[in-house]
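Each remark here refers to the structure printed beneath this line.
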Amino acid sequence: MRKIIVLTFVTLDGVLQAPGGPQEDTEGGFQYGGWIVPHFDERGGAIMHEQMARTRALLLGRKTYEIFASYWPTHESAWPGIHSATKYVVSHTRTDPLWDNTVFIKDDVVKEIRRLTQQDGPDLQVYGSSRLIQTLFKHDLVDELWLKIFPVTLGTGKRLFGEGTMPVAFQLTHSEATPSGVIIANYKRAGEVRTGSFGA
0 MRKIIVLTFV
10 TLDGVLQAPG
20 GPQEDTEGGF
30 QYGGWIVPHF
40 DERGGAIMHE
50 QMARTRALLL
60 GRKTYEIFAS
70 YWPTHESAWP
80 GIHSATKYVV
90 SHTRTDPLWD
100 NTVFIKDDVV
110 KEIRRLTQQD
120 GPDLQVYGSS
130 RLIQTLFKHD
140 LVDELWLKIF
150 PVTLGTGKRL
160 FGEGTMPVAF
170 QLTHSEATPS
180 GVIIANYKRA
190 GEVRTGSFGA
């Protein structure tokens with residue numbers, strides 16, 4: 000069985016849009032692209048390097064795939080092994096691969112993703128891909144969350160947890176704070192939501 004791991008930069012108010020640069024994703028008139036840059040320190044970079052080094056398969060939405068394909072093929076030294084990793088791309092419009100080892104998922108997206116998770120193979124890492132993440136949450140397909148929570152609120156932008164997120168429980172498996180105040184928090188799926196009462 001293959002796990003689906005969502006790796007996300009997110010603000011305190013849950014925004015994940017355009018963390019890396021002003022022109023990364025301006026949809027909806029978003030004006031705060033690049034909000035992680037002032038808070039990205041050496042420890043945060045080391046954590047990202049460690050997590051990226053585990054990448055053997057990516058599950059991406061079309062927009063994130065196109066952004067990655069425009070950059071990483073000429074910067075593999077910063078992400079060793081990314082060329083040989085399989086890129087599963089959810090897209091109803093793109094048919095021509097921009098990168099080696101690209102596999103498109105077009106029809107019956109949820110069914111196809113479930114089929115991938117039932118195969119033997121490396122875990123599927125999800126970066127960016129805000130619309131795809133909503134589909135994964137809606138169908139309870141997220142096994143782990145590797146979050147980097149930045150000390151900023153934006154008030155607008157695409158959110159990590161949007162409409163359709165299912166009520167599920169997660170267990171914290173690792174946490175730490177970087178010198179610049181970024182909280183690193185890894186969670187794994189932990190069954191159903193439990194409730195209780197403090198009343199007598």
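Residue numbers for the sequence shown follow numbering that gives the first Met the number 0, so the first one is 0 and each next one is one higher.
For every residue, glycine included, the Cβ atom is placed at its ideal position computed from N, Cα and C.
Between the CA atoms of residue j and residue i - distance to the nearest angstrom
i, j, result
"G127", "L159", "10 angstroms"
"V192", "Q170", "11 angstroms"
"A184", "T177", "11 angstroms"
"P79", "A52", "7 angstroms"
"L15", "F39", "15 angstroms"
"V36", "A189", "32 angstroms"
"T92", "G161", "24 angstroms"
"A56", "T172", "22 angstroms"
"W34", "V9", "10 angstroms"
Residue i Cβ short of 7 angstroms to the ligand HEM heavy atom set
i, result
"I81", "As presented, the structure is devoid of all ligands, the ligand HEM included, so that no description of it is given."
Host beta strand (DSSP E) of residue i (start-end)
i, result
"A184", "182-188"
Those residues which DSSP pairs with residue i across a bridge
i, result
"Y31", "Answer is none; Y31 lacks a bridge partner."
"L146", "T7, A184"
"T101", "K86"
Extent of the continuous alpha helix (DSSP H) to which residue i belongs
i, result
"F67", "61-68"
"E111", "108-116"
Nonlocal neighbours in the same chain, by C-beta distance under 7 angstroms from residue i, ignoring five residues either side
i, result
"T54", "G80, I81, A84, Q124"
"I3", "L58, T116, L123, V125, L135, L140, V141, D142"
"E175", "I183"
"A68", "L97, W98"
"R42", "T177, P178"
Inter-residue CB distance, residue i and residue j (contact presumed, cutoff 8 angstroms)
i, j, result
"V181", "I148", "7 angstroms"
"S90", "R61", "4 angstroms"
"V5", "I132", "6 angstroms"
6 angstroms CB neighbourhood of residue i in its chain, flanking five on each side removed
i, result
"L11", "T152"
"D24", "Q16, A17"
"P166", "V192"
Cβ of residue i within 8 angstroms of any chain C Cβ
i, result
"Y126", "No chain C appears in the structure shown, which is made up of a single protein chain."
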